[in-house]
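Written out below as structure tokens is the structure these notes cover.
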Amino acid sequence: MAKEFDLNEVEVWDGNYAASQALRQAQIDVVAAYPITPSTPIVEGYGAYVANGYVDGEFVMVESEHAAMSGCVGAAAAGGRVATATSSQGFALMAEVLYQASGMRLPIVLTVVNRALASPLNVRGDHSDMYLGRDSGWIQLDAFNAQEAYDLPLCAFKIGENLDVRLPVMVHQDGFTTSHKAQNVYPLKDETAYNFVGDYVPVDEMLDFTRPVTHGAQTEEDWHYEHKAKQHKALMDSRPVIDEVFAQFKELTGREYKRVETYMMEDAEVALILLGSSVESAVLAAKQLREEEGIKAGIIAPRCFRPFPYDLVRDALDVPTLKAVSCMDKSAPGGAMGALFNEVSAAAYTTSSRPLISNYIYGLGGRDFAIDEAKRIMKEQKAHADAGHITTNIQQFSGLRGPKLGFYETRRS
Amino acid sequence: MVEIRWHSRAGQGAVTGAKGLGSVVATTGKQVQAYALYGSAKRGAAMNAYNRIDDEPISNQETKMFPDFVFVIDPALAFTDDITKNDKPETQYIITTHLSKEELIAQIPALQDKVERTFVVDCMQISLDTIGRAMPNTPVLGAFMKISKLYELEFFLDSMKKVLSKFPQKIIDANMEAITRAYNEVK
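Listed below in structure tokens is the structure:
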């Protein structure tokens, strides 16, 4: 029987330690992991809990991230609660197996500490790995600070393991900005946290020898399409389950999460839409801008990146006063507009407010996102709003050294 | 909001010190951040750690800050780091050195208009005498308590005992002595 961990009402934890504590409290059967910066301390921390008797499950050290996720798939198919952690290149190496996990409908939890992808080699935080996972069939939740890096994995098990969902779930946090920044965290007692997550209910587990099953079968044009459509439906249908789990979490802790977080949007004229730790800085910038210049600024932040909350993004944008919005992508767009820009624009197209939407690329490879820069971008949105059209390039780069870079202009008659 | 920037070498315990300070502050109902700017830094490389302290939840995730306090816990970094970067008129400097305040300031032009808000303490010697090795991270917090008047010395010592509770009693006692000495010796 695992020992209870002595926790204070308030702890000063970084995002990595917070995530490792949440994994410990979920009493996972198997963690198969291969450490990589900046998520290494999650694996280290978990290994220490196992060694010190705080975990009853197995901890498997493997030879690569491909093997880590493969081990997770095997253990989950066998019928256990399973989780692991990774970042960046490790995430990229897992990519093949991520699709196996979701296609096999195995509710694995993967804590991803977001980091840039090489080349050039870079250990710092951006959203390249998070974006790489966006078509992998996993649910993707996004923590903006250390408290959320603790709370969301607890929710993730409950969401993914729900019998109406049965999908793997990633919980993202920003490398270094969140993973290595200690802040006040209010943890639950071990028993309270475990009871929230609940006992694992296996489905078609391979270790049930009385009822043999096949996992990971081959299907060609006869059935593959139906499987993929069902998998997509499961992702879309996970939305009310996510809402319900967040509601239960609020009931337990008072901490409220939504698939799309909105801040000061009730009367907003301009807004930023962004992900991760930058949301926190942007909210502070919007508050300051309201006080200092009377600009009615608001912030929209998808908490749930997949399934993409088309419904709630549309609701968030459908504010009669809203005139101009910048979607901020912290991932190299690779010859396109930013992915968040594209998805938000599609949702906005069906609203009656139809705000002007422009795109910023920012923060690549851990470039600092300054409060002043957030304010400058919101003031630029105000200029768009006053002019009635986008007065700059539609895609721009924030915090980039060297000549200004931008692409496309509004076509107007 | 109180903001602190640490100038340290990797291995001197700035991150541990920043987190330790954070842990004490959090027990008093305040909100904290403790973080560092490193990555591939090797032991001995110059690095920065940071603290933010406030009564309200802290949502500023920007790395850069305009510090209220600068701690320089390696003596050489006072000469080689840009320790007055993002200085404010009220920024206070606590610098580890074996030199007197006058001797130090005479050699560092950037501090010459900041005499009134520069303080010196020899955290290296203090930690060598008490802890037995150069570990300037806890003594600097003693000096900080004296300059900032954030908490009474007794309260801070009691709180740090809890933060260090996983260490052997001998190490805890040595750290308490180091903090107390720096509190008394900072000038």
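Protein sequence lines correspond, in order, to chains A and B. Counting along the first sequence from 1, when you hit position 223 you're at 223 in my numbering, and nothing is skipped either side. Whatever position you read off the second sequence (first residue = 1), add 1000 for my numbering. All C-beta atoms, glycine included, are put in the ideal place defined by N, C-alpha and C.
- Under the three-state reduction of DSSP output, A/Tyr99 falls in the helix class.
- DSSP places A/Tyr54 in the coil class of the three-state scheme, outside both helix and strand.
- At least one C-beta of chain A is nearer than 9 Å to the C-beta of B/Val1032.
- Annotation for B/Gln1112: Ile1105 place their beta carbon closer than 7 Å to its own, counting only its chain and skipping 5 residues before and after.
- Taking A/Ala77 as reference, the option from A/Asn359, A/Ala48 and A/Gln100 with the minimal CA-CA separation is A/Gln100.
- At a cut-off of 9 Å, the C-beta of B/Gly1022 has a neighbouring C-beta in chain A.
- Close to A/Val260, with beta-carbon spacing below 9 Å, lies no residue of chain B; the smallest spacing is near 18 Å.
- The beta carbons of A/Lys287 and A/His127 sit about 24 Å from each other, so the pair does not count as a contact at 8 Å.
- Cβ proximity to chain A below 8 Å picks out Pro1057, Ile1058, Ser1059, Asn1060, Gln1061, Glu1062, Thr1063 and Lys1064 from the region 1047–1065 of chain B.
- Interface annotation, A/Phe369: in contact with chain B, CB-CB separation under 9 Å.
- Just so you know, the alpha carbons of A/Leu121 and A/Asn145 end up roughly 25 Å apart.
- By the neighbour-count definition (other C-beta atoms within 10 Å, threshold 16), A/Ala247 is an exposed residue.
- Minimum Cα-Cα distance from A/Phe91 among the listed residues A/Pro41, A/Arg105, A/Tyr49 and A/Met170 corresponds to A/Met170.
- A contact is defined here as three or more CB-CB pairs under 8 Å, and the region 353–368 of chain A meets this definition with respect to the region 389–402 of chain A.
- Going by C-alpha positions, A/Ala22 is about 23 Å away from B/Gln1061.
- The beta-carbon of A/Ala182 is placed less than 9 Å from the nearest beta-carbon of chain B.
- Going by DSSP, A/Ala67 is part of the alpha helix (DSSP H) stretching over Glu65 to Ala78.
- Proximity to A/Asp174 across A/Asp190, A/Gln147 and A/Phe157 peaks at A/Gln147, based on C-alpha coordinates.
- In terms of Cα proximity to A/Ile36, the closest of A/Ile273, A/Ala374 and A/Met61 is A/Met61.
- At least one CB of chain A lies nearer than 9 Å to the CB of B/Lys1019.
- With a threshold of 9 Å between beta carbons, B/Thr1138 makes no contact with chain A.
- With the rule of 3 Cβ pairs closer than 8 Å, the region 311–321 of chain A does not count as touching the region 274–294 of chain A.
- For the region 1145–1162 of chain B, the set of residues with a beta-carbon nearer than 7 Å to any beta-carbon of chain A is empty.
- Residue environment for B/Gly1020: buried (at least 16 other C-beta atoms within 10 angstroms of its C-beta).
- Ranked by Cα distance from A/Gly254, the options A/Arg239, A/Leu275, A/Asp151 and A/Ile242 are led by A/Asp151.
- For the pair A/Asp199 and A/Phe305, the CB atoms are not nearer than the 9 Å cut-off.
- Ser277, Ser278, Glu280, Ser281, Val283 and Leu284: these are the residues of the region 273–296 of chain A whose beta carbon lies less than 8 Å from some beta carbon of chain B, given in chain order.
- Contact of B/Ala1010 with chain A is not assigned, every C-beta pair being separated by 9 Å or more.
- The three-state reading of DSSP puts A/Tyr310 in helix, counting H, G and I together.
- A direct Cα-Cα distance of roughly 22 Å separates B/Ala1134 from B/Leu1037.
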